[in-house]
Every structure is written in C-alpha cells, then in structure tokens.
Amino acid sequence: MVTKIQIAGKLKFYSKPYGRQWKWRYQVHGHMVEPKLRVPKGLENTKIIDPLHPELLPKQELPKWIPPRRHPVLESFFPQPTIKDNPNYHETSIKMFDNSVKLHAGIDQVCLLTKSQPVKGIPLSVKNSIKNEDLSSQDEMVKNYLRQALAFNPARDPCPPLKIPNDPKFIIGKQYGTPHQKQMFILLSNLIRLSNANIFQKNPTSILTREVMENCNLETILNRGGDLISVNQNLNFVILGKNSLPQIASNDDIEKTRDYKFINMYPIFPTIDLKEQFVYDLNKPNLIDNRSNINNKLIHTVINLNDDSFTNEQDISRLVMMTFGTAYAQANLLKLKTNQDGALQSPLVVNGVSVTNQRFNYVTFQLNTLNLKDNNGVKNLVYYDDDSQNEIYLNRPTLDKLPYPTQKNIQRLALRNLQYNPSVFEKFMAYFTYGSKV
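Each residue of the sequence shown is one higher than the one before, starting from 2 at the first, in my numbering.
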C-alpha cells in the first residue's frame, strides 16, 4: 500500500503541502474547454437573442409596484414624504447647538453667543460653601472609586480603536473593556453619592429639598441678534432644588457689565460652528425634561460627560452654553420679571461641571438679562475655572510612551502609581454643596 509520505516524496517537485498539490497543479497547468454553440437545424436561420445581453432586449418601462397594503417591511415601495411635508418645516433655518458641536474659537465665541462677560476663577461664595470642612478623610474613598472605575469594573464593552500619533499606520486591534467615558460615568456616580452622604450628615433636611436626576433633556430656542438658536442637550446628571441659587455678583457689578466690549470676529460669524436645521417647533420654545417630579424644582447644577476628542477650551465653552441654555429656559418657564431694557430683576444662577478624559472643568453662569437682540446694555456673567491642575489623577500614560498601548496596559500603569489630586474633589464638593442650605 502506498503511503502519503511516498506520494509526497514523488510530488516533492511541486514544493507544496500535500493537501494543496493537486489544487496548485490544476491552477497552473489546468485549462477549461468551452463547448461550441450547437444550433438545431430547425433554428439555423433564426436570430438568437441572449437574455443576459441588455442591448438586445427591448427596453420596457414597467410601472413601479406598490403593495396592496402598508407594512413596515414594504414601506420603501411607497412614495416617501419630503422634508417640506413636515408640519414643523420653516423656510428660515435655525442654528442648533447639540452634543456634537465644537466651538473652535472657545471662550470668546461662546461669550458672543450668550452675551456674557467672562470672569476667570471660581466665585468666592462657592469656595466658602466648604470653608471649614476637612475632606482629607475622604481621600482614600475617592481613590477606591478611581480603582473601581479604571480596572475593577467587570464590564467588557467594545473600546474605540487606539491610534499612536507618531505612527498613524500602526493600529491596535479590537479591544474589549471599560471605555474611558464609561469609567468617568462610574466615577461621577460614586462622587455624587459620596457628596450626598456628606451633605445629609450635616444638614438632614436637605434630603427633602434636593434631588439628583439622570439623563435630563434640555431644549430651548432663543433669538440672538436676529438669528434663531436652539440649545438641545442631554444632561447626564442634574441637581435640583426647591429655591434658586443665591446671586453671585452684586447689582453694582451687574451695572459695570454695560461697559464691557466684545471682540470683533468679523468676517466670521459666531454661529459658524452651529448646525442648520429647517424643522423645529416654535410652539414649545422652552422644555426641561417632561418628568412630573421636575415641575416644582429648579436646576442648581448640571454635570455632563464629553468625548475625549474635545480640547480644554472647547469643553469649557460647551459647558458655558449648556448652563446658559438651562438658565434661559428656566427664566422663561418661571416668567421672571424684567425691566424695560430686558434685564432681570432677580438674576438666575446655574452651576456646571464637565468631565473630559480625567479632567474636570467648572463653570458658574449668572443670567442677568433676556435681551439678546444686540450687544448693548447689561451683560450676563460667566465664571470659569481653567486651572491646568484640574485632573483627578495625574499619571495617566500617553499612547506614544508605551511600547504596546492597549487599554489594559494603560489602566495597569495608571493604577500602579496612582497620583490622586485632592483639590479636584474639593472643587467638586464645593459646587455640589453650594445651594444645599437654600
């Protein structure tokens, strides 16, 4: 009996594995014999038409088939309505600001859009909300929250691909773990629970007046210099209270804002980064969620998560736009009284916290006027903190410094020498506590 080894020795000339020798021989030496076309004697003088040849067949325009009844699977066979058939269609477009908009000019651009005067730093009244408190006992708890968010979470979700900046062709394969945005969501949930516990321990009655909600929708439409602007956002966390936050700036400081001059961005319009849309509803210009337990409460602080693609200044400018939209919608829903020039008799204050990567940004917006048609008169005030040390942990490795920068390696190196920054939690606690005694 001839064995496989003997056959392989005789076919050694082809230098291919045993299972592929005959296949390779057919590919190299094989050929296909096409049979000749044989026409029967009765059809010798007739014209033969190839049904697969499009030029030989006569063109027939058949009517489009319409199903006898409507069904979701067969919906594409029916004539589709155009955008002009929408009852909310308008000839004039509206500029929309949503979760994907980036303001490339940063603070200067958002101050023009919101008619605001920027002030650098955290307000003193917000800092004094935790003036005599010692938060060093909470450091170990926050470190445990960081470890849980970075590595101890059992979720295995598809992570976005990592690209090395120095070598864009080198791409790490598909990875599964906890995406960075979900890590910060877990950390924020734990920090909010810890801050609530600290407040309820010192002021138990605040449990009846304060509430934290997730995934709160914000929609408002305003007229800024003749352009309709729609602020449409999904806020990750919202802190609610029965009364409004105390006023930050005094009446004298508000009057001084009349002398503030905005920068001239001509020939670029401040709305250049906003999206154009022709379908919108002007009958409901202000909406803050539709849940029943939010009707009798005011928003004190909004907390939002951003993608890693936003720069620090873009993140702050988006946070300013969100706090402004929240304050503007609340002022219209409450129907606050205004003066003849549109200035509010009682200004409205909204705080904001934004997280991008491991960096925290803080904003306090004081709405002083509803007159946004021009740049004259009283301006709004926005306090923002852009400190370079606002990262909650300082040793996150970068992609270009790792030999094999997978998601697990980044988490492992971040946990090995965790450099926790306690000042970030102190600022977060100050913004969370501010207004709890109102």
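Beta carbons are placed, not taken as given, at the ideal position from N, Cα and C, and that holds for glycine.
Just to confirm my understanding: we take residue i, look at its own chain, exclude 5 residues before and 5 after, and list those with CB closer than 6 Å. What are they?
i	result
THR179	ASN154, ALA156
GLY343	THR370, LEU371, ASN372
LEU337	LEU345
SER130	ALA431, THR434, TYR435
ASN376	PHE263
SER207	ILE200, SER437
How would you label residue i, buried or exposed, when you count the other beta carbons within 10 angstroms and need 16 or more for buried?
i	result
LYS96	buried
GLN367	buried
PHE78	exposed
HIS105	exposed
ARG259	exposed
GLN81	exposed
GLY31	exposed
MET322	buried
PRO124	buried
ASN133	exposed
GLY43	exposed
GLN341	exposed
ILE393	buried
LEU192	buried
LEU283	exposed
Looking only at C-alpha atoms, which of the options sits nearest to residue i?
i	options	result
ASP388	TYR435, LEU373, TYR421, GLU314	GLU314
THR324	ARG259, LEU414, TYR384, ARG148	TYR384
SER355	PHE433, ASP290, ILE173	PHE433
PHE429	ARG360, LYS409, ASN376	ARG360
ASN287	GLN278, THR327, ASN297	THR327
ILE249	GLY31, PRO36, VAL127	VAL127
THR407	HIS181, PRO36, THR272, GLN81	HIS181
LEU209	ASN216, ASN199, LEU223, LYS243	LYS243
ILE187	ASN358, VAL40, TYR329	ASN358
ASN100	ILE50, TYR329, ARG319, GLN81	ARG319
LEU147	VAL40, GLN234, PRO423, LEU241	PRO423
ARG211	VAL239, TYR27, ASN191, LEU192	VAL239
LEU223	TYR421, LYS374, TYR394	LYS374
GLN420	LYS262, ASN333, GLN390	GLN390
TYR261	LEU382, VAL280, ASP282	LEU382
PHE98	GLN341, THR272, ASP308	THR272
TYR281	PRO205, GLU92, ASN265	GLU92
ASN237	GLU392, ASP290, ILE173, ASN333	ASP290
CYS112	ASN418, MET266, LYS285, GLY353	MET266
SER190	GLN149, CYS160, THR206	GLN149
Taking just the CA atoms, how far does residue j sit from residue i?
i	j	result
PRO119	ASP109	8 Å
ILE304	ASP86	38 Å
LEU114	ARG225	7 Å
PRO88	LYS380	36 Å
TYR177	LEU219	32 Å
LYS121	LYS409	38 Å
ASN216	LYS65	45 Å
ASN199	PRO162	39 Å
LEU306	SER94	29 Å
LYS1	SER310	A query on residue 1 cannot be resolved here, the shown segment of the chain reaching from 2 to 439 and no further.
VAL143	ASP135	14 Å
LYS103	GLN139	35 Å
ASP253	THR339	17 Å
PHE279	PHE201	47 Å
LEU38	GLU45	12 Å
SER245	ASN197	19 Å
THR47	VAL29	41 Å
TYR90	GLN234	21 Å
GLU256	PHE426	34 Å
VAL34	PRO73	50 Å
GLN331	LYS116	17 Å
THR1	GLU141	Because the chain spans 2 through 439 in this model, residue 1 falls outside it and cannot be assessed.
PRO268	THR312	24 Å
ARG71	LEU63	21 Å
LEU335	ASN418	50 Å
GLY353	GLY378	25 Å
ILE173	PRO159	13 Å
For residue i, which residues of its own chain have a beta-carbon under 8 Å away from its beta-carbon, when the five flanking residues on both sides are left out?
i	result
ARG194	none
ARG397	ASN358, GLN359, ILE411, ALA415
LEU241	ARG211, GLU212, VAL213, MET214, ILE295, LYS298, LEU299, ILE300, HIS301
PRO247	SER126, VAL350, GLY436, VAL439
GLU277	SER94, ILE95, LYS96, MET97
Please return the same chain residues whose Cβ sits closer than 7 Å to the Cβ of residue i, not counting the five positions on each side in sequence.
i	result
LEU151	GLN184, GLN412, ALA415, LEU416
PRO67	Note that residue 67 is Ile in the sequence shown, not Pro. Excluding positions up to five away in sequence, the list reads PHE78, PHE79.
ILE317	ILE108, ASN362, VAL364, TYR385, ASP387
LEU395	GLN420, ASN422
TYR329	THR221, LEU223, LEU368
PRO69	none
Any 3 or more C-beta pairs closer than 8 Å across the region 348-363 and the region 215-232: They do not touch, by the three-pair rule.
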